[in-house]
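Line order of the protein sequences matches chains A, B, C and D.
Just so we're aligned, residue 0 is where the first sequence starts under numbering that gives the first Met the number 0, counting upward by one.
Just so we're aligned, residue 0 is where the second sequence starts under numbering that gives the first Met the number 0, counting upward by one.
Just so we're aligned, residue 0 is where the third sequence starts under numbering that gives the first Met the number 0, counting upward by one.
Just so we're aligned, residue 0 is where the fourth sequence starts under numbering that gives the first Met the number 0, counting upward by one.
Backbone N, C-alpha and C define an ideal beta-carbon position, used for all residues, glycine too.
Source: prediction; values computed, not measured.
Protein chains: 4
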Amino acid sequence: MIIILKPHATEAEIALVVKKIEGFGLAAHISKGTERTIIGAIGDERVLQDRPLEAFPFVEQVLPVLKPYKLASREFKPEGTIVNIDGVLVGGKQVVVMAGPCAVENRDSLLQVARCVKDAGGHILRGGAYKPRTSPYTFQGLGEEGLTYLSEAKAETGLPIATELMDPRDAPQVYQCADLVQIGARNMQNFRLLKEVGCRRKPVLLKRGLSCTVKDLLLAAEYILSEGNYDVILCERGIRTFEDATRNTLDLSAIPLIKRLSHLPVIVDPSHATGKWHLVAPMALAAVAAGADGIMVEVHPHPEDALSDGPQALLPSTFEKLMNDLSKVAQAVGRSL
Amino acid sequence: MIIILKPHATEAEIALVVKKIEGFGLAAHISKGTERTIIGAIGDERVLQDRPLEAFPFVEQVLPVLKPYKLASREFKPEGTIVNIDGVLVGGKQVVVMAGPCAVENRDSLLQVARCVKDAGGHILRGGAYKPRTSPYTFQGLGEEGLTYLSEAKAETGLPIATELMDPRDAPQVYQCADLVQIGARNMQNFRLLKEVGCRRKPVLLKRGLSCTVKDLLLAAEYILSEGNYDVILCERGIRTFEDATRNTLDLSAIPLIKRLSHLPVIVDPSHATGKWHLVAPMALAAVAAGADGIMVEVHPHPEDALSDGPQALLPSTFEKLMNDLSKVAQAVGRSL
Amino acid sequence: MIIILKPHATEAEIALVVKKIEGFGLAAHISKGTERTIIGAIGDERVLQDRPLEAFPFVEQVLPVLKPYKLASREFKPEGTIVNIDGVLVGGKQVVVMAGPCAVENRDSLLQVARCVKDAGGHILRGGAYKPRTSPYTFQGLGEEGLTYLSEAKAETGLPIATELMDPRDAPQVYQCADLVQIGARNMQNFRLLKEVGCRRKPVLLKRGLSCTVKDLLLAAEYILSEGNYDVILCERGIRTFEDATRNTLDLSAIPLIKRLSHLPVIVDPSHATGKWHLVAPMALAAVAAGADGIMVEVHPHPEDALSDGPQALLPSTFEKLMNDLSKVAQAVGRSL
Amino acid sequence: MIIILKPHATEAEIALVVKKIEGFGLAAHISKGTERTIIGAIGDERVLQDRPLEAFPFVEQVLPVLKPYKLASREFKPEGTIVNIDGVLVGGKQVVVMAGPCAVENRDSLLQVARCVKDAGGHILRGGAYKPRTSPYTFQGLGEEGLTYLSEAKAETGLPIATELMDPRDAPQVYQCADLVQIGARNMQNFRLLKEVGCRRKPVLLKRGLSCTVKDLLLAAEYILSEGNYDVILCERGIRTFEDATRNTLDLSAIPLIKRLSHLPVIVDPSHATGKWHLVAPMALAAVAAGADGIMVEVHPHPEDALSDGPQALLPSTFEKLMNDLSKVAQAVGRSL
């Protein structure tokens with residue numbers, strides 16, 4: 000940690016900072032510049048995270064040197080992590096496709112989509128039983144009934160299930176059905192929920208919050224890892240910006256950035272990011288070209304009747320074409336589908 | 000709801016939209032322009048919120064006419080709501096000051112701050128026992144022990160207590176202590192938590208999420224109101240923007256905007272918004288000038304030792320001066336402190 | 000244009016709006032809903048753009064139906080535009096690569112990069128002679144001297160030249176050298192400069208401003224087109240968001256979005272978007288997968304000595320590898336390099 | 000400047016960085032931590048601004064210690080600057096009000112507003128003759144004719160004139176009329192225009208760009224100051240964020256922040272910031288409470304007929320009331336109107 004003092008800081012003020020630093024078992028290294036004095040705190044500065052040296056009126060700025068996350072960093076684990084979702088490997092050579100309806104709406108419609116995903120070559124079935132909705136007056140999900148249909152779809156197609164956990168009190172039911180437990184974007188910093196999935200032993204799909212930096216995302220992953228669960232997949236799904244022609248702004252540069260900073264696999268959800276079905280396929284292809292380990296897309300047989308997020312759902316036929324195109328781009332970047 | 004069709008939409012396509020609209024018990028009103036046909040859905044369009052007409056490829060745009068929230072709107076309840084927090088009224092002529100440490104750290108320090116808040120004329124004591132922290136390695140709050148100290152501080156000073164609920168499972172303990180239950184910014188769209196505080200009968204302080212619009216905030220309030228709890232106070236505490244010289248960007252225009260759209264009281268938290276103690280007082284004054292019903296600020300006797308958010312805490316002496324200055328600005332805009 | 004009145008608007012107020020609309024030669028279409036009256040203005044609503052009906056206190060909202068740009072829209076010209084830059088076609092089947100140093104620094108270094116771009120298969124040489132720099136104390140470009148070197152590089156390699164025009168007073172010199180005249184992101188809404196390049200007859204590369212929506216970008220293009228110059232290439236180069244791990248956030252969804260809204264070609268500049276050399280190649284590949292008509296990247300033989308933007312420059316060897324990888328992705332999406 | 004090397008940087012790499020630093024006449028100070036080596040560059044680091052040490056692959060991060068601006072900083076000039084606009088002092092005890100129409104539309108209307116501004120106690124008349132408009136199809140301003148009317152209004156009322164310069168080629172005419180030359184938000188980083196007004200000797204009103212940080216704003220001011228013109232007033236007028244209920248998000252915390260970083264006066268334009276007339280007054284009051292040296296607001300006798308930005312214009316009667324309210328808030332914070 001580097002502490003930059005204001006110009007004209009006195010010797011007594013410098014001594015005060017040094018004393019604080021040493022009180023935490025760190026060594027202090029003083030460097031007097033032409034305009035300002037700088038003090039380096041040497042040792043594991045994470046003990047200082049909570050100690051707000053910036054509150055001293057004679058301190059101008061405090062700059063951390065180390066990353067605030069550790070277990071999630073590539074320095075800690077140089078080789079990439081491969082997460083096994085009931086036999087489907089995410090983070091390896093294969094690009095993994097997770098597809099399905101936004102919400103489970105009824106048994107027939109779910110089974111129809113599940114078959115379509117399977118037939119087109121998709122690897123994992125997604126579908127929400129508990130739905131976080133902006134308005135209390137819109138469809139909130141089928142709850143446990145939805146989980147039953149998901150299990151049935153798995154039994155028929157063999158596709159592992161990805162579904163969202165919104166509330167720690169639902170964990171028993173959700174964990175019985177899910178092979179990949181999703182933490183939604185709006186819950187990325189629901190730290191108690193992160194601890195809950197960290198204590199359990201199933202892979203977690205952690206979606207980036209709408210106003211969260213990559214650093215925030217890796218710190219959220221650190222919550223899960225630090226509880227002992229290392230099977231975390233990160234998901235870029237768009238951030239909130241001033242651009243209103245798309246639902247969110249898909250930040251694909253997060254993929255190579257995360258790959259450099261962390262060992263965790265990264266997938267992309269172009270459906271929620273763009274909010275428009277005609278932008279989903281180009282963004283899915285771009286995600287794979289940028290190095291994503293997989294994509295998650297929404298498929299619905301009748302988007303205009305969907306109970307949630309219809310405008311961003313692909314028709315089964317469009318999904319089939321996408322699978323074909325994805326395969327070509329995956330090969331172009333040395334991967335397979 | 001207004002449905003704008005693409006140029007050259009056919010009669011059959013128009014008929015399809017009309018049929019959908021009528022299927023929901025609404026009347027359709029067709030208006031053929033020079034370039035596009037527009038269809039209005041007349042009746043309570045909220046039934047259509049879930050029906051994504053935009054998914055039709057021949058629909059260009061769907062524009063809602065009504066606000067998606069109802070109970071939170073000023074149309075629904077023209078006079079302003081006044082929330083009673085154990086005798087302190089928020090939303091009336093008085094500007095209410097909630098102050099205290101970011102986190103409850105220990106008994107002595109809390110009592111010291113509580114006395115200071117009381118002596119300076121503050122109305123409500125704030126303090127976090129459960130703390131949502133970005134990093135798992137920083138102080139997570141004292142939990143139940145912290146609640147005990149808060150209750151003790153109330154017993155001594157008579158100040159009502161505002162404290163945060165992070166997890167529905169903590170509700171029994173938190174509700175025993177709190178007079179005002181805070182939903183933090185990161186949980187503004189934790190819809191299950193919103194339903195939880197909506198079912199209970201204590202005032203709720205709902206903080207605006209970092210990437211949430213005023214519309215999102217009012218929809219989150221609607222979750223609470225629609226469960227039957229009408230005692231909701233909204234709190235502007237900064238949104239996330241590209242400006243990195245402050246922790247967040249305080250959006251004070253949200254105050255008069257919310258006052259126009261809703262009957263709910265609005266307060267401002269300049270401490271979290273700015274992240275810097277020297278910006279807190281000017282922003283608190285500005286908030287009151289803009290029409291805020293109260294402010295929430297952090298006070299700590301030794302900010303450089305604070306276990307969380309020290310750089311934004313006011314010293315007791317600075318807080319006293321702020322109370323004095325606030326009183327003058329409150330009078331200038333026809334209110335009192 | 001759709002005018003939504005407040006609830007309880009009177010007949011006299013409705014009549015006032017209708018009179019205003021008819022005063023502009025448009026027809027008014029009144030639709031009374033259950034809660035609000037809505038008035039449609041039928042005809043070319045662009046005459047109303049300047050007439051702020053929203054200023055009436057009884058008007059709640061004004062919603063445009065038509066796009067505010069016309070010549071730039073795909074409705075106006077369904078087939079895609081192909082821009083010819085001294086023989087290089089942008090907007091056709093080929094993906095075009097523009098590469099070179101951020102700034103022209105000296106004769107030798109420019110010629111060295113030009114040869115490298117040529118040898119690796121690049122199509123256009125980029126290089127700034129006039130440089131918009133955030134600080135007045137950093138290198139401001141060589142000016143006319145730089146233009147001379149660019150012309151020399153073209154003479155030797157045959158590569159057409161792309162360079163920036165910052166000030167209308169420099170137009171005579173810049174137009175003598177440039178084959179593609181660049182308007183930088185910070186000048187995207189320098190409307191006088193847009194009119195200047197609109198009046199002249201050379202292709203223009205219009206970079207998206209850091210805080211500009213796709214609609215703003217198309218309106219800026221409209222300024223150029225409406226002066227008679229139809230040879231405009233749009234360039235996505237990142238927008239400003241809260242994410243600070245990259246210089247800007249590259250908005251690749253703008254590519255398919257613009258392709259849908261407009262007939263103009265679109266290229267991507269991953270160097271300025273990311274600000275980090277190690278993110279440039281993945282984002283260039285993603286751009287091509289998403290449908291970009293070309294990319295613009297910075298190449299420098301010694302990035303650590305570059306006079307501007309060194310951290311985002313590719314080494315010649317990295318650029319060669321990128322050309323090879325780009326070729327594969329271009330083929331995967333049915334294009335060539 | 001602090002250079003943080005990657006873990007495992009070799010002695011040879013460290014030596015390379017030291018050599019670079021010393022080559023610029025700075026001293027290098029090496030500090031070996033437990034995980035990383037850090038090198039401080041001691042001396043005036045501004046010589047390094049252009050030298051991108053971050054381009055070295057073994058450098059992890061480069062952190063500047065000094066502010067990149069000098070003349071604009073409060074360190075350079077501790078006492079506040081007072082700018083004299085033909086007798087009106089901005090930056091002193093008085094809060095200055097600049098008011099008038101967005102655009103000069105015709106002679107009569109301008110004179111009417113000018114009298115109203117004068118009568119209500121306003122200090123400076125604002126009005127645009129050259130208008131930067133997002134669309135080429137909207138009113139672009141009267142140009143020189145507008146300047147004539149402004150001069151006439153000054154002759155009659157005695158109010159100094161603030162008007163915008165968009166293009167260096169218009170400087171002769173604009174400087175003949177203006178007492179305060181405005182650089183609009185969209186031109187804040189039009190560096191050639193900044194140099195133009197820096198070379199001349201009239202006060203400049205520099206509006207913050209929609210996507211510009213406070214640091215960017217101070218660097219833009221530095222362009223003007225470094226050309227020799229020290230009479231610069233900064234203007235906060237809203238930044239672009241995801242919130243779409245207001246035109247922009249007014250960042251009032253920029254006022255106390257700038258006051259701390261710089262000696263230049265700061266005013267606020269709540270009209271452009273909010274885009275809605277009913278938000279203008281509360282935000283003007285808040286600006287003064289936060290410490291602004293003045294405000295700039297738009298006034299129009301018939302907002303619904305305004306040729307630009309009608310929805311944000313105040314009626315003369317509302318403006319009069321605002322002046323009255325402003326006076327009270329100014330007194331509450333120890334200033335006068």
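Quick one: using the 10 Å Cβ neighbour count with 16 as the cut-off for buried, is residue i buried or exposed?
{"i": "N228 of chain A", "result": "buried"}
{"i": "N186 of chain A", "result": "buried"}
{"i": "G293 of chain A", "result": "buried"}
{"i": "A329 of chain C", "result": "buried"}
{"i": "H7 of chain B", "result": "exposed"}
{"i": "F75 of chain D", "result": "exposed"}
{"i": "S134 of chain A", "result": "buried"}
Comparing the C-beta of residue i with each C-beta of chain D, is any distance below 7 Å?
{"i": "M282 of chain B", "result": "yes"}
{"i": "T248 of chain A", "result": "no"}
{"i": "P255 of chain B", "result": "yes"}
{"i": "G290 of chain B", "result": "yes"}
{"i": "T212 of chain B", "result": "yes"}
{"i": "S30 of chain B", "result": "no"}
{"i": "D166 of chain C", "result": "yes"}
Determine the chain G residues that contact residue i at a beta-carbon separation under 7 Å, and present them in chain order.
{"i": "P6 of chain D", "result": "Here chain G cannot be found, since the structure's protein chains are A, B, C and D."}
Using a Cβ-Cβ cut-off of 7 Å (strictly less than) and excluding sequence neighbours within five positions of residue i, which residues of its own chain qualify?
{"i": "P63 of chain A", "result": "M0, E44"}
{"i": "G341 of chain C", "result": "As displayed, chain C neither begins before 0 nor continues past 336, which places residue 341 of chain C out of reach and without an answer."}
{"i": "E78 of chain B", "result": "H262"}
{"i": "K92 of chain C", "result": "R334, S335"}
From the DSSP output, which residues share a beta bridge with residue i?
{"i": "E353 of chain C", "result": "Residue coverage of chain C in this structure runs from 0 to 336, which leaves residue 353 of chain C outside it and unanswerable."}
{"i": "C234 of chain B", "result": "B:K206, B:I266"}
{"i": "K31 of chain A", "result": "A:T36"}
{"i": "S261 of chain A", "result": "A:S72"}
{"i": "E297 of chain C", "result": "C:G99"}
Indicate whether at least one CB of chain A lies closer than 7 Å to the CB of residue i.
{"i": "P100 of chain B", "result": "no"}
{"i": "L192 of chain C", "result": "no"}
So with Cβ pairs under 7 Å, would you call residue i a contact of chain C?
{"i": "E242 of chain A", "result": "yes"}
Within a Cβ cutoff of 8 Å, which residues of the same chain sit near residue i, ignoring the five residues on either side of it in sequence?
{"i": "Q188 of chain C", "result": "G208, C211, D215, A219"}
{"i": "E12 of chain A", "result": "L4, F55, F57"}
{"i": "P131 of chain A", "result": "E163, M165, G183, R185, N186"}
{"i": "R259 of chain C", "result": "R73"}
{"i": "D46 of chain B", "result": "The sequence as given places Val at residue 46 of chain B; Asp does not occur at that position. Hits under 8 Å: F23, G24, L25."}
For residue i, collect the residues of the same chain with a Cβ closer than 6 Å to its Cβ; drop the 5 residues on either side in sequence, then sort them by chain order.
{"i": "A113 of chain C", "result": "L124, A152, T156"}
{"i": "A98 of chain A", "result": "V116, G121, V296, V298"}
{"i": "D230 of chain B", "result": "V82, P202"}
>> Please list, in chain order, the residues of the stretch 119-148 of chain C that have any C-beta partner in chain A closer than 7 Å.
In response: none
>> Any C-beta of chain B within less than 8 Å: which residues of the stretch 305-329 of chain D qualify?
In response: D324, K327, V328
> Between the stretch 264-279 of chain D and chain B, which residues of the former have a C-beta closer than 9 Å to a C-beta of the latter?
Replying inline: P269, A272, T273, K275, H277, L278
> Taking any Cβ of chain A, which residues in the stretch 45-70 of chain D have a Cβ under 7 Å from it, in chain order?
Replying inline: L62, V64, L65
> At a Cβ cut of 7 Å, what residues of the stretch 195-228 of chain A count as close to chain C, listed as they run along the chain?
Replying inline: S210, T212, V213, K214
> Taking a cut of 7 Å between CB atoms, which residues from the stretch 292-303 of chain A lie near chain B?
Replying inline: Taking 7 Å as the Cβ-Cβ cut-off against chain B, the residues of the stretch 292-303 of chain A that qualify are P302, E303.
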